[in-house]
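Throughout the sequence shown, residue numbering follows UniProt numbering, covering 1 to 440 in sequence. Beta carbons are placed, not taken as given, at the ideal position from N, Cα and C, and that holds for glycine.
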Amino acid sequence: MSCIADLPAELLANIFLLAVFACDGVPALRNAPWNVCQTCRLWRSVILNDGRLWAHLRLYKVDGLCYEDEDGQQILIGPDGGLRLLRIWLDRSHNAFLHYFVDDLTSYSRRALHLLLDHQERWKVMGLNLAGLNYWQRIRLATLPVAESLLVEIDMMESEDTYDDVRNTPHEFKAPFSTSSFVGVRVKGPLFTFPQSAVKVTDAVAPHLTELGLRFNESLSYNLRLFAMPLLQQCPVLQHLKIDFIPVEEQILDEITTILTLPHLRSLQFFTKYNSFTSFLRHIDAPCLENLDVETRSIYVDGAQRRVVDDIIHVIRKTASTLRYLRLMHDTELNFYHELFPLIQGTVTQLDVPHAHQVLEYITAVSGAGNLAVFPKLQVLVVTVDGTTTEECVHGLNQLVAALAGHPRLRFIATTLLPEYERDEVLGQLCREGKLRSSN
């Protein structure tokens, strides 16, 4: 301890920064700074006087506001406790830039948001779950000179009066974000009652958005036409787009004639519960798309499986030359890999698809035709192993691994629906033979 006591306080603080925080800049344990404080008087003095150690905080709610103790257990502290914790962290952070995520402010939004807005000039990375648009209005009027990323999730379980109030107020930001440092705003929520207002709210930042997430619960055609399409047309530098269509029942999309050209889009995530919505993919033109993630559910209607397949094939055909990562999660039993894989054979490095037996059929067919360079650039393969029993799963994986033995670049195979110890046993055999390096 005497050697440690000789270290300068600034060096000690830097050591604590490395020790206390995880790689993503969030404390490995929510009360980690407190634990360090309890070690000795010197450490306590350093911790309490270095604002950087209090500049990162995540509070979230699971049936009540919680944080994690040293054993990773969730501790319920309630809204008042959450406010106290938030106040302590803000006071201790001094002048450091804030990286905060505060989830579910519904029970104490006014007080918590008031605390945070008192420090608005220090917001750098901020995530907030708000109880309605009236709270978003306060943020909209804030001065955020150093903000780089703002994630806002809006709970829209409020009366129509709230929406009317919002529609009748100005929607310009008081101080726009710095275009050199701004990363993006994601406004989430069931956007089925205020599309016009939402478009106006985002007008000020849309030209600088690089990341956008949209979630629609109802009135999909209405929202697409009056909200999503106009908003996306105002995002010329958008790089990452996530769209969730999660209505409570099947709906028919109106005819959409607009083609969205997103020249800088690199990543597209698309989720839908119903089959008819995959047609939206046909209206996105992304010449630089590298990552595509499409997940569909409930497509057992007659003819729907083929329509979904056609929509997926359409978007991949347009982006095949640049695509590097492809994830498909779908319910269809149609074997369309013989149509899909030739499009991406020479470009994809990471592939995540269901139905291992269909993948095996394609590999076997290509290899049998004398072409051994199956997916020559593929490095990561994730598949769902088909089978009703563990033995069937193991047998299917064995066949797939054997078919890929000797692949020049493949270094990682992961599977689902297979116990971990059996997966390791199967892949371990190939590793021992020096044919493959695998990981969980």
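Select from the options the residue whose C-alpha is nearest the C-alpha of residue i.
i    : options                   : result
V380 : N398, L334, L410 and L397 : L410
V348 : L57, V152, L53 and S321   : S321
V383 : F341, I15 and L328        : L328
E295 : H283, R306, I312 and P287 : I312
Q269 : R215, N398 and L150       : R215
I259 : P287, K273, D244 and L117 : P287
P207 : L232, P145 and F341       : L232
R111 : L212, A147, R138 and F97  : R138
I344 : R317, A9, W54 and H355    : R317
W54  : L224, P376, L11 and H99   : H99
K242 : M229, C235, G213 and Q234 : G213
W123 : I363, H56 and D50         : H56
P376 : F341, L224 and V385       : F341
E392 : S149, H330 and A356       : A356
A142 : E121, E148 and R52        : E121
Alpha carbon to alpha carbon, how far is residue i from residue j?
i    : j    : result
D293 : L262 : 17 Å
C40  : Y135 : 42 Å
S45  : S93  : 14 Å
G346 : H407 : 14 Å
H395 : R307 : 32 Å
L323 : L289 : 6 Å
L144 : M126 : 11 Å
E10  : F16  : 10 Å
I88  : I363 : 59 Å
Q38  : C235 : 49 Å
Y421 : A96  : Below a pLDDT of 50, predicted positions are generally treated as unreliable, and Y421, at 48, falls in that range; no measurement from the model is reported.
E172 : S149 : Any reading at E172 needs caution, since the residue's pLDDT is 34, under 50, leaving its predicted position unreliable; the model's value is listed next. Their backbone Cα atoms lie some 18 Å apart in a straight line.
Tell me which residue opens and which closes the alpha helix (DSSP H) that residue i is part of.
i    : result
Q233 : M229 to Q233
V374 : Element bounds for V374: n/a, residue is neither H nor E.
V125 : Premise fails: V125 lies in the beta strand (DSSP E), W123 to L130, not in any alpha helix (DSSP H).
L48  : R41 to N49
Tell me where the beta strand (DSSP E) around residue i begins and ends.
i    : result
R327 : Y325 to M329
F270 : S267 to T272
E339 : That residue, E339, is in no beta strand (DSSP E); its alpha helix (DSSP H) goes Y337 to I344.
V382 : V380 to T384
Closer than 6 Å by C-beta to residue i: which residues in its own chain qualify, once you throw out the five before and the five after it? Chain order, please.
i    : result
N291 : S267 and Y325
V102 : L59 and L128
K43  : Residue identity differs from the one stated: residue 43 is Trp in this sequence, not Lys. Same-chain partners within the cutoff: V36.
E160 : Note on E160: pLDDT 37, under 50, position unreliable in the model; the coordinate value appears next. Excluding residues within five positions, none has a Cβ falling inside 6 Å.
A13  : V46 and D50
When the distance is taken between beta carbons, is residue j closer than 8 Å to residue i?
i    : j    : result
L90  : H119 : yes
Q305 : L334 : yes
L378 : L397 : no
V152 : L130 : yes
Could you pull out every residue in the same chain whose Cβ sits closer than 8 Å to the Cβ of residue i, ignoring the five residues on either side in sequence?
i           : result
residue 441 : With the chain covering 1 to 440 only, the question about residue 441 has no answer from this structure.
S367        : V374 and A403
L83         : Y108, R111, A112 and L115
T319        : A286, P287, L289 and L292
L265        : L238, Q239, H240, L241, I284, A286, C288 and L289
Among the residues of its own chain, which have a CB less than 7 Å from the CB of residue i, if the five just before and after it don't count?
i           : result
V359        : Y337, V353, V383 and L400
residue 457 : Because the chain is modelled from 1 through 440, residue 457 falls outside the range shown and cannot be assessed.
E339        : I313
Determine whether the Cβ of residue i lies closer than 8 Å to any Cβ atom of chain C.
i    : result
H283 : You won't find chain C in this structure, because it holds only one protein chain.
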